[in-house]
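Here the working numbering is used: the first residue of the sequence shown is 384, the next is one more, and so on.
Ideal placement from N, C-alpha and C gives every residue a C-beta, glycine not left out.
Okay, structure first, notes after.
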Amino acid sequence: MKSLKEYNIQFVGLKLGKHHFDYQIDKKFFEHFEYDDFNDVNVKVDLFLEKKTTLLELQFKVTGNANVNCDTSNEPYDQEIEGEFNLVVKFGDEYNDENEDILIVPHGEYEINVAHYIYELIILSMPVKRIHPGIEDGTLQSEILERLEELSPKGSEEKEQTEEIDPRWNTLKKLLTDK
Numbered sequence: 384m385k386s387l388k389e390y391n392i393q394f395v396g397l398k399l400g401k402h403h404f405d406y407q408i409d410k411k412f413f414e415h416f417e418y419d420d421f422n423d424v425n426v427k428v429d430l431f432l433e434k435k436t437t438l439l440e441l442q443f444k445v446t447g448n449a450n451v452n453c454d455t456s457n458e459p460y461d462q463e464i465e466g467e468f469n470l471v472v473k474f475g476d477e478y479n480d481e482n483e484d485i486l487i488v489p490h491g492e493y494e495i496n497v498a499h500y501i502y503e504l505i506i507l508s509m510p511v512k513r514i515h516p517g518i519e520d521g522t523l524q525s526e527i528l529e530r531l532e533e534l535s536p537k538g539s540e541e542k543e544q545t546e547e548i549d550p551r552w553n554t555l556k557k558l559l560t561d562k
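Structure, rendered in structure tokens:
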């Protein structure tokens, strides 16, 4: 993965207090990570950085949409993306990112790259199963959906109703109604 220099934040030159950075993410951003599940991406990232004397607090907020293919019908649709993530950057003897909420950087560092955190936040903000809204409300007409409907098991409800009920159960049901 090539380094994404525009996502480097040089915190040494910043004054104590709050700072705002914003980024517009598109499909080219995900090409750096070799991630190709999105057909198209339009996501806005707001990064709020609060510089304190001994640490940095970063708050990421993402909003936008990604054009993805439905897991059921393979039809493309726009999936809304919203997410938040907080990160604390502390200073220590060596680099350590084992904890997902805390990043420890060596004392001599003067910048951090936030591209990977943005990438992870967008990916994790996507639903696990991507369902086209037309499937949920029944308005999507697709050959794949028609074929799935043809191949779905039918008659299981009818079969249960037409099966002969054991007469012993009928006797037990009478006990419930004879109160």
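Within the same chain, Cβ atoms closer than 6 Å to the Cβ of Y406 are found at V428, the five residues on either side in sequence being excluded. With a cutoff of 8 Å on beta-carbon distance, Y502 and F416 are scored as near each other.
DSSP places F416 in the coil class of the three-state scheme, outside both helix and strand.
Below 8 Å, enough C-beta pairs join the stretch 473-490 and the stretch 429-439 to call them touching: three or more.
H490 counts as exposed, since fewer than 16 other C-beta atoms from the protein chains shown sit within 10 angstroms of its C-beta. Taking all protein chains in view, the Cβ of V488 is crowded by 16 or more other Cβ atoms within 10 Å, so the residue is classified as buried. About 4 Å separates the CB atoms of L430 and F404; that is less than 8 Å, so the two are in contact. Uninterrupted beta strand (DSSP E) stretches at least 3 residues long and entirely within the stretch 427-469 occur at 438-452, given in chain order. Every alpha helix (DSSP H) stretch that sits fully inside the stretch 492-520 and reaches 4 residues is listed by chain position as 498-508 and 516-520.
Between the alpha carbons of E465 and T560 lies a distance of about 53 Å. Assigned with DSSP and collapsed to three states, P536 falls in coil, not helix or strand.
If you ignore the 5 residues before and after N496, its C-beta comes within less than 6 Å of the C-beta of Y390 and N391, all in its own chain and listed in chain order. Annotation for N448: N425, D461, Q462, E463 and I464 place their beta carbon closer than 7 Å to its own, counting only its chain and skipping 5 residues before and after.
When DSSP states are grouped into helix, strand and coil, N391 belongs to the strand group.
E526 and L397 have their C-alpha atoms spaced approximately 57 Å apart. L470 and D454 do not touch by the CB rule: their CB atoms are close to 30 Å apart, not below 8 Å. Straight-line measurement puts the Cα of L531 at about 41 Å from the Cα of T554. In the DSSP assignment, K556 falls outside any beta strand (DSSP E) and within the unbroken alpha helix (DSSP H) covering P550 to T560.
Around the beta carbon of I408, 16 or more other beta carbons lie within 10 angstroms, which makes this residue buried.
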